[in-house]
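Chains as they are written, first to last, in the working numbering: chain V, 148 to 332; chain S, 148 to 332; chain E, 148 to 332; chain L, 148 to 332. Ideal Cβ placement from N, Cα and C applies to all residues, glycine included. First up is the structure itself, then whatever we jot down about it.
There are 4 protein chains.
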Amino acid sequence: MRAAVLEAAITELTQTGYAALTVEGVARRAGVHKTTIYRNWKDADGLVADALASHFAADIPIPDTGAVESDLRALARSLVATMTTRTGRALLTTVLSDAVRIPRLAEVKHALFDDRFRRAEPVVTRAIERGELPADTDPAELLKTLAAPIYFRLVFTGESVDEATADRAVRVALAAAHARALPAV
Amino acid sequence: MRAAVLEAAITELTQTGYAALTVEGVARRAGVHKTTIYRNWKDADGLVADALASHFAADIPIPDTGAVESDLRALARSLVATMTTRTGRALLTTVLSDAVRIPRLAEVKHALFDDRFRRAEPVVTRAIERGELPADTDPAELLKTLAAPIYFRLVFTGESVDEATADRAVRVALAAAHARALPAV
Amino acid sequence: MRAAVLEAAITELTQTGYAALTVEGVARRAGVHKTTIYRNWKDADGLVADALASHFAADIPIPDTGAVESDLRALARSLVATMTTRTGRALLTTVLSDAVRIPRLAEVKHALFDDRFRRAEPVVTRAIERGELPADTDPAELLKTLAAPIYFRLVFTGESVDEATADRAVRVALAAAHARALPAV
Amino acid sequence: MRAAVLEAAITELTQTGYAALTVEGVARRAGVHKTTIYRNWKDADGLVADALASHFAADIPIPDTGAVESDLRALARSLVATMTTRTGRALLTTVLSDAVRIPRLAEVKHALFDDRFRRAEPVVTRAIERGELPADTDPAELLKTLAAPIYFRLVFTGESVDEATADRAVRVALAAAHARALPAV
DNA sequence: TGGTAATCGAGACGGTACGTCCTGTCTTACT
DNA sequence: AGTAAGACAGGACGTACCGTCTCGATTACCA
Numbered sequence: 148m149r150a151a152v153l154e155a156a157i158t159e160l161t162q163t164g165y166a167a168l169t170v171e172g173v174a175r176r177a178g179v180h181k182t183t184i185y186r187n188w189k190d191a192d193g194l195v196a197d198a199l200a201s202h203f204a205a206d207i208p209i210p211d212t213g214a215v216e217s218d219l220r221a222l223a224r225s226l227v228a229t230m231t232t233r234t235g236r237a238l239l240t241t242v243l244s245d246a247v248r249i250p251r252l253a254e255v256k257h258a259l260f261d262d263r264f265r266r267a268e269p270v271v272t273r274a275i276e277r278g279e280l281p282a283d284t285d286p287a288e289l290l291k292t293l294a295a296p297i298y299f300r301l302v303f304t305g306e307s308v309d310e311a312t313a314d315r316a317v318r319v320a321l322a323a324a325h326a327r328a329l330p331a332v
Numbered sequence: 148m149r150a151a152v153l154e155a156a157i158t159e160l161t162q163t164g165y166a167a168l169t170v171e172g173v174a175r176r177a178g179v180h181k182t183t184i185y186r187n188w189k190d191a192d193g194l195v196a197d198a199l200a201s202h203f204a205a206d207i208p209i210p211d212t213g214a215v216e217s218d219l220r221a222l223a224r225s226l227v228a229t230m231t232t233r234t235g236r237a238l239l240t241t242v243l244s245d246a247v248r249i250p251r252l253a254e255v256k257h258a259l260f261d262d263r264f265r266r267a268e269p270v271v272t273r274a275i276e277r278g279e280l281p282a283d284t285d286p287a288e289l290l291k292t293l294a295a296p297i298y299f300r301l302v303f304t305g306e307s308v309d310e311a312t313a314d315r316a317v318r319v320a321l322a323a324a325h326a327r328a329l330p331a332v
Numbered sequence: 148m149r150a151a152v153l154e155a156a157i158t159e160l161t162q163t164g165y166a167a168l169t170v171e172g173v174a175r176r177a178g179v180h181k182t183t184i185y186r187n188w189k190d191a192d193g194l195v196a197d198a199l200a201s202h203f204a205a206d207i208p209i210p211d212t213g214a215v216e217s218d219l220r221a222l223a224r225s226l227v228a229t230m231t232t233r234t235g236r237a238l239l240t241t242v243l244s245d246a247v248r249i250p251r252l253a254e255v256k257h258a259l260f261d262d263r264f265r266r267a268e269p270v271v272t273r274a275i276e277r278g279e280l281p282a283d284t285d286p287a288e289l290l291k292t293l294a295a296p297i298y299f300r301l302v303f304t305g306e307s308v309d310e311a312t313a314d315r316a317v318r319v320a321l322a323a324a325h326a327r328a329l330p331a332v
Numbered sequence: 148m149r150a151a152v153l154e155a156a157i158t159e160l161t162q163t164g165y166a167a168l169t170v171e172g173v174a175r176r177a178g179v180h181k182t183t184i185y186r187n188w189k190d191a192d193g194l195v196a197d198a199l200a201s202h203f204a205a206d207i208p209i210p211d212t213g214a215v216e217s218d219l220r221a222l223a224r225s226l227v228a229t230m231t232t233r234t235g236r237a238l239l240t241t242v243l244s245d246a247v248r249i250p251r252l253a254e255v256k257h258a259l260f261d262d263r264f265r266r267a268e269p270v271v272t273r274a275i276e277r278g279e280l281p282a283d284t285d286p287a288e289l290l291k292t293l294a295a296p297i298y299f300r301l302v303f304t305g306e307s308v309d310e311a312t313a314d315r316a317v318r319v320a321l322a323a324a325h326a327r328a329l330p331a332v
């Protein structure tokens, strides 16, 4: 039952959007009574948070190719792949819509974005150990510089986002990392 | 009347958020009847779009200090200043909430981001003419690289965003611009 | 203009009924602006009252055939003819709907029903003078007895009302008039 | 709940009339939410029809005194008693207001008038069996002749209606019934 | 003939009610 | 004990009219 409801929630989310999602709609789609949902989740928000969390729970693999550039490229491309699906877009708009006000959504956002970066940090530390990056490189910072333009294009400008975008992000991030060691421009 | 409604909409937006905004609520706050709003705007969305547009209508000044770095710094800092107010944050999340589905919001988003960048392009072209940046630098691309990490922090990670963030963005953008002329890392 | 509005009101009355009649609807149909109606009539009720009064203003002829039975028959048949038209029915339901509460409608009712009887009284008094009816016959009473079953069928039972109904009403009224002179049954 | 709503509807009907009755008003008075009314009744009309039906549900007793005159007198007087209360008058005008257009009201009218007459027919048939009335007397016809002047005065002329009116109606009805056996006047 | 007044169309406004959809709580009955 | 079913109070939706108002534009009349 729980699974059916969560899946129905994801479907509604992708089809009608977060704003138009209703508990009754999810219940109908899941073939379940409204009260059943209210028994298991506090809100529509709680339900959506759970649905998103369980749907995106599958860990993304942390690449280890031996070279920082290909590692970063793999990371960036997997990010692009995740977020250009219909569901990925739904996730984005949902989480951006009102996460500030809805604690459960903020948690999901944290889990899906911040944690993802933290888990990828070894990619950077390994590169530092290999001497590919300056010793004082901040892994979190570099990864944000990597992700930022991708998310920016996804969310703000309507531009198409593809592997080329990912690769360009890698170049920018590496350039910035190397530049950090140089005197300010 | 129109002004009162738009202002009330902005207030509701900052206080209760986009999802919880109701036409009746705005009408109450503006001291206006619901039907008056429906006479002038098709939707709650249309109203919100108008409110956002009018709120951000004040043109940001395009700096021209004679040096690309200080120009970019001025741009980045003014962006940070705009978006770190309570209202700025609220409006930012509103615009992002479901612009995919709501054409009027998409228009506002376009006006708010794309147009803003276009108006700032002279900053980059002047720098190219002065020889501060490689001749093949893409102005739009550089400006996106500048804005991306700021918006990214504002929207995704809960980190504080301040002038230091702005300055760091300038460094990254310039590093990336110069690196474009070099062979790929 | 006045004429166009009154005519439009009658049309609306017959087509959509008194309850569903709106000032705006009448204005639309009359090709006139709403305010014009409000300038000339206090209410929808006032408008309807005027419309009915002017439409039914045409006096019914008072017959004088020389014999009470044919006089009454003419009266009854003209009543049937008036009230079985589409407009006549509209008049009936309008006037019955809420005349108690709406003074202007009560006036119209008075004008259209009571006065009509008063004008017909000579028919009875002439019959009394001719010796066709007992000297103590109450003209108003007799005419009400004549009209009552016709209106009753029109308004209460859905039965068809035609000339036969009119003639039957004449028989009953005359029987009652003659019986008045006899000892109570 | 149902009872509270129906009672509230009757009260609104007597106080403000059919035209001015609103679903929200009834809901307010009944201490019930608007949607509850819409769940149980299709329309304001349906609600009113139900309210009227339940209010007049109390069967009028069919008299059997052994003599036609006193039987008819009892019938006529009970009719007068029912319809001269404030509520009775209000409900009468409601039923007549627009029954042509509103099927539910037509049903109620049918139940209120036709059925009531049908139930009273034994009064007449017994009188025929006793030889008090001609064998070919049409019971329905006689009862209509009895009721017509009472309703006529109630609805059209503003005259007071009392027991004397009832008794006069009895005399007229009996005179007409006897006259039927005689050659036409 | 030119100004004044009346009359009109046009449409905005605050307001009431419409009938619908959804919320979140509750009770009942099944299983 | 958990569920389907569904009633309920409540809030908001977007629409149709209400009756009032202000604003020109058009007449028409009179000075």
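Item, Value
"Can you list the alpha helix (DSSP H) stretches of 4 or more residues lying completely in the region 260 to 306 of chain V, in chain order?", "262 to 276 and 286 to 302"
"Contact defined as beta carbons within less than 8 Å: I believe Leu194/L pairs with Ile184/L. What is the distance between those atoms, to the nearest angstrom?", "6 Å"
"Leaving out the 5 sequence neighbours to the left and right, which residues in its chain are closer than 6 Å to Ala323/E when beta-carbon positions are compared?", "Thr292"
"Between which residues of its own chain and Val332/E is the CB-CB distance below 8 Å, once the five residues before and five after are set aside?", "Interpretation of Val332/E is limited by its pLDDT of 38, a score under 50 that renders its predicted location unreliable; the figure taken from the coordinates is listed afterwards. Around Val332/E: Ala326."
"So, are the CB atoms of Ala223/L and Ile275/L less than 8 Å apart?", "no"
"Does Pro281/E have its Cβ less than 8 Å from a Cβ in chain L?", "no"
"Can you find a C-beta in chain S that's less than 8 Å from the C-beta of Pro250/V?", "no"
"Any idea what DSSP makes of Lys256/S, helix, strand or coil?", "helix"
"Distance cutoff 8 Å, beta carbons only. Does Lys291/V sit that close to anything in chain S?", "yes"
"So which of Leu301/V, Pro250/V and Gly235/V has the shortest CA-CA distance to Ala204/V?", "Gly235/V"
"Name the two residues that bound the continuous alpha helix (DSSP H) containing Thr202/E.", "First, the residue type needs correcting, since residue 202/E is His and not Thr in the sequence shown. Segment Ala191 to His202, the alpha helix (DSSP H) holding His202/E."
"Helix, strand or coil for Tyr185/S? Go by DSSP, reduced to three states.", "helix"
"For the candidate residues Thr212/S, Glu279/S and Val242/S, whose alpha-carbon lies nearest to that of Thr304/V?", "Val242/S"
"If distances are taken between C-alpha atoms only, which option among Leu301/S, Arg263/S and Leu259/S comes closest to Ala196/S?", "Leu259/S"
"Could you tell me the alpha carbon to alpha carbon distance between Phe189/V and Val179/E, rounded to whole angstroms?", "Looking at the sequence itself, residue 189/V is Lys, so the reference to Phe does not match. Taking the straight line joining both Cα atoms gives about 56 Å."
"Quick one: residues in its chain with C-beta nearer than 7 Å to the C-beta of Ile249/S, no 5 flanking neighbours on either side, listed in chain order?", "Asp192"
"Are the CB atoms of Asp245/L and Leu252/L within a distance shorter than 8 Å?", "yes"
"May I ask you to report which of helix, strand or coil DSSP gives Asp309/E?", "coil"
"Count the other C-beta atoms from every protein chain shown that fall within 10 angstroms of the C-beta of Leu321/E, then say buried if there are 16 or more, exposed otherwise.", "buried"
"Does the beta carbon of Ala151/E sit closer than 8 Å to a beta carbon anywhere in chain L?", "no"
"Relative to the C-alpha of Val215/S, which residue among Val270/S, Leu226/S and Val255/S is closest?", "Val270/S"
"Hey, does Arg263/V have any beta-carbon neighbour from chain S nearer than 8 Å?", "no"
"Between the Cα of Leu280/E and those of Gly213/E, His202/E, Thr312/E and His257/E, spot the shortest distance and give me the residue it belongs to.", "Gly213/E"
"Name the chain V residues whose beta carbon is nearer than 8 Å to that of Lys256/S?", "Phe303"
"Can you name, in chain order, every residue of its own chain whose Cβ lies under 8 Å from the Cβ of Leu329/V, other than the five neighbours on each side?", "Bear in mind that a pLDDT of 48 at Leu329/V, under 50, signals an unreliable position, so the model cannot answer this."
"With a 10 Å radius around its C-beta and 16 neighbouring C-beta atoms as the bar for buried, classify Asp309/L as buried or exposed.", "exposed"
"Could you give the residue range of the alpha helix (DSSP H) that holds Leu160/S?", "Arg149 to Thr163"
"Between Phe203/E and chain L, is there a C-beta pair that is closer than 8 Å?", "no"
"Let's see if you can read the secondary structure: which residues bound the alpha helix (DSSP H) around Ala215/E?", "Strictly speaking, residue 215/E in this sequence is Val, with Ala absent from that position. Segment Val215 to Met230, the alpha helix (DSSP H) holding Val215/E."
"Comparing C-alpha positions only, which one of Met148/V, Ile209/V and Ser201/V sits nearest to Ala267/V?", "Ile209/V"
"Could you say if the region 169 to 177 of chain S and the region 149 to 158 of chain S meet the contact criterion of at least three C-beta pairs nearer than 8 Å?", "yes"
"Using a Cβ-Cβ cut-off of 6 Å (strictly less than) and excluding sequence neighbours within five positions of Glu306/V, which residues of its own chain qualify?", "Arg300"
"Where do the ends of the alpha helix (DSSP H) carrying Ala177/L lie?", "Val170 to Ala177"
"Going by alpha carbons, who is nearest to Leu290/E out of Glu171/E, Asp261/E and His202/E?", "Asp261/E"
"Nearest by alpha-carbon distance to Ala150/V: which of Leu199/V, Ala166/V, Val317/V and Arg273/V is it?", "Leu199/V"
"By Cβ distance below 6 Å, which residues in the same chain neighbour Ala221/E in space, the five residues on each side in sequence not counted?", "Pro210"
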